[in-house]
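Per the UniProt record's numbering, the sequence shown starts with residue 4, numbered consecutively. C-beta: ideal position from N, C-alpha, C; glycine also.
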Amino acid sequence: TAVTIVLGTRPEIIKLAPVIDACEERGVGYSVVHTGQHYSEELDAVFFDQLELPTPDHNLAVGSGSHSAQTGAMIREIESVFLDEEPEVVLVQGDTNTVLAGSIAASKLDCVLGHVEAGLRSFDRGMPEEVNRVLADHAADYLFCPTDQAARYLREEGVPVDRIEVTGNTIVDSVIGYRDLAAEKSRVLAENDLTADEFCLLTAHRAENVDDRARFSSLLDGVAGFASESGLDVVYPIHPRARERLDEFEIDLPSAITTVEPQDFLDFLRLESTARLVFTDSGGVQEEACILGTPCVTLRDNTERPETVDVGANRVVGVGPDAIAAGARDALDAGTDWENPFGDGRAADRILDLVGVGPATSVGGVSG
Ligand code: UD1
Ligand code: UDP
4 TAVTIVLGTR PEIIKLAPVI DACEERGVGY SVVHTGQHYS EELDAVFFDQ
54 LELPTPDHNL AVGSGSHSAQ TGAMIREIES VFLDEEPEVV LVQGDTNTVL
104 AGSIAASKLD CVLGHVEAGL RSFDRGMPEE VNRVLADHAA DYLFCPTDQA
154 ARYLREEGVP VDRIEVTGNT IVDSVIGYRD LAAEKSRVLA ENDLTADEFC
204 LLTAHRAENV DDRARFSSLL DGVAGFASES GLDVVYPIHP RARERLDEFE
254 IDLPSAITTV EPQDFLDFLR LESTARLVFT DSGGVQEEAC ILGTPCVTLR
304 DNTERPETVD VGANRVVGVG PDAIAAGARD ALDAGTDWEN PFGDGRAADR
354 ILDLVGVGPA TSVGGVSG
């Protein structure tokens, strides 16, 4: 095949959907390898249905496990697909274990590897995602950076400049493609008794937060404290990892916070667009809030998306209740007329132009 796309988790499905669509539009021969890192309906199939993506050509059904067991099983299975398909180019996206596995398998077989969303850095090697993204970047032949900042980090690490391209982030392609449809079709506000601008959206699923009882409790208390002070409701679409930890740690969820199932993309976009404020530890949610013009408070000690902070869309506050409340007050007081730093929504076409598959478009370069 010309292009083999490796994906495995919710954010990769959402952010590679525009690349898959662009392959379809150009009539490029491509295949999709799903590692099965995410497999629950609400983290997986729901996005294939809603984004009208073809069923993956291969589902490796690797599932959950320790990092090495999961990553190792993926490498072995991906290698056999690559041996069979002899891809001209392999594409991976982001920083998950699926990305690490796809990158290692491609590099061992000397396949040409493109890393979509390259050059992000939190400079926190304690996060599995940071190690994954650094290793993927250093294995890749094409590094598709969302912004100039990401490209600078790569140059500083000595990545040869001819491998580095600034394309914008494909999440802009996805948000532009689905934002209006979400406004038209989604009934999520009515279904959850929410009023636009009168609620906050919360997501928290990252290992360093939810796997640590003290941090998880602290962030919930901080968000709930702000909810009481401001009179805003909080809705929390809860990732299965966080749900499991909440039960295991027997944390009493503060009454100001209402958990709901993970949402599909249209409903989630609608929640993000209409929330007064977003609290999150997600990478993609920081970007989407910034693109959609909703202030964000990030419940982490650092971010690999500094552009969101630089434009005034995001505050990185950690998980202490006082800092969360202060960040939220600050976010409400600030304006929302920042510029989206993640590109113009034509990243997917740029990526396919750069790898040279299918007829080139006239989208040109981007200065991030
Ligand atoms: C993974 C990524 C993280 C990303 C997130 C997106 C890594 C190291 N982490 O974290 O960077 O932000 O995906 O959502 O790659 N589970 C289910 N159903 C599923 C998948 C997982 O119930 O479909 C539960 C299982 O109990 C599993 C746990 O969630 O053990 C964690 O899953 P895993 O894929 O290891 O990591 P995520 O937390 O989803
Ligand atoms: N998302 C969704 N439903 C939800 C929560 C998130 O569709 O209930 C989408 C969100 O729009 C974003 C992506 O999932 O595009 C972010 O994924 P996640 O937070 O799981 O991972 P991260 O971006 O932190 O790796």
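Please classify residue i as buried or exposed, where buried requires at least 16 neighbouring CB atoms within 10 angstroms.
i: Ser370; result: Legend: pLDDT at Ser370 = 47, less than 50; position of this residue unreliable, no value from coordinates given.
i: Thr58; result: exposed
i: Arg318; result: buried
i: Gly30; result: exposed
i: Leu274; result: buried
i: Pro163; result: exposed
i: His70; result: exposed
i: Thr4; result: buried
i: Thr170; result: buried
i: Asp113; result: exposed
i: Asp196; result: exposed
i: Arg13; result: buried
i: Asp313; result: exposed
i: Ala142; result: buried
i: Ser189; result: buried
i: Asp356; result: buried
i: Leu86; result: exposed
With hydrogens ignored, establish whether the beta-carbon of residue i is closer than 7 Å to any heavy atom of the ligand UDP.
i: Ser233; result: no
i: Val288; result: yes
i: Asp267; result: yes
i: Ile17; result: yes
i: Arg13; result: yes
i: Phe252; result: no
i: residue 393; result: Residue 393 is absent from the model: the chain starts at 4 and stops at 371.
i: Glu291; result: yes
i: Leu103; result: no
The ligand UD1 heavy atoms versus the CB of residue i: any closer than 7 Å?
i: residue 440; result: With the chain covering only 4 through 371, there is no way to say anything about residue 440.
i: Asp215; result: no
i: Glu247; result: yes
i: Pro131; result: yes
i: Asp52; result: no
i: Thr4; result: no
Quick one: measure Cβ to Cβ for residue i and residue j, integer angstroms, because I've assumed they're closer than 8 Å.
i: Leu46; j: Tyr181; result: Rounded, the Cβ-Cβ distance is 17 Å, inconsistent with contact.
i: Gly105; j: Val93; result: 6 Å
i: Leu222; j: Ala207; result: 6 Å
i: Gly286; j: Glu310; result: Gly286 to Glu310, Cβ: 12 Å. No contact.
i: residue 395; j: Glu201; result: Not covered by the structure: residue 395. The range shown for the chain is 4 to 371.
i: Leu256; j: Thr283; result: Not really, about 17 Å apart at Cβ, beyond 8 Å.
i: Val22; j: Pro90; result: The Cβ separation is near 14 Å, so there is no contact.
i: Ala230; j: Cys203; result: 7 Å
Any idea which residues DSSP pairs residue i with across the strands?
i: Asp236; result: Phe202
i: Gly117; result: Leu94 and Tyr145
i: Phe282; result: Leu205 and Val300
i: Thr7; result: Ser34 and Val93
i: Glu168; result: Phe147
i: Thr12; result: DSSP output for Thr12 lists no bridge partner at all.
i: Asn317; result: Cys299
i: His61; result: Val36
i: Ile260; result: Val237
Should residue i be listed as close to the ligand PLP, given that the test is whether its C-beta is under 7 Å from any heavy atom?
i: Pro240; result: The ligand PLP is absent from the structure shown, which contains only the ligand UD1 and the ligand UDP.
With 8 Å set as the bound, which would you pick, yes or no: does the beta-carbon of residue i sit closer than that to a beta-carbon of chain D?
i: Ala143; result: Of the chains in the structure shown, none is chain D; there is only one protein chain.
* To do: Indicate whether the contact test is met: 3 or more Cβ pairs, each with one atom in the stretch 340-354 and one in the stretch 236-255, closer than 8 Å.
  => no
* Asked: If we count Cβ pairs, one from each stretch, closer than 8 Å, do we get three or more for the stretch 337-344 versus the stretch 292-309?
  -> yes
* Can at least three beta-carbon pairs, one atom from the stretch 117-131 and one from the stretch 91-108, be found at a separation below 8 Å? -> Taking 8 Å as the limit for Cβ pairs, the verdict is that the stretch 91-108 does touch the stretch 117-131.
* For the stretch 226-235 against the stretch 19-39, are there 3 or more C-beta pairs whose distance is under 8 Å? -> Output reads no: the stretch 19-39 does not touch the stretch 226-235.
* Take every Cβ of the stretch 99-108, pair it with every Cβ of the stretch 74-87, and state whether three or more of those distances are shorter than 8 Å. => yes
* **the stretch 253-265 in contact with the stretch 164-181 per 3-pair CB rule at 8 Å** => no
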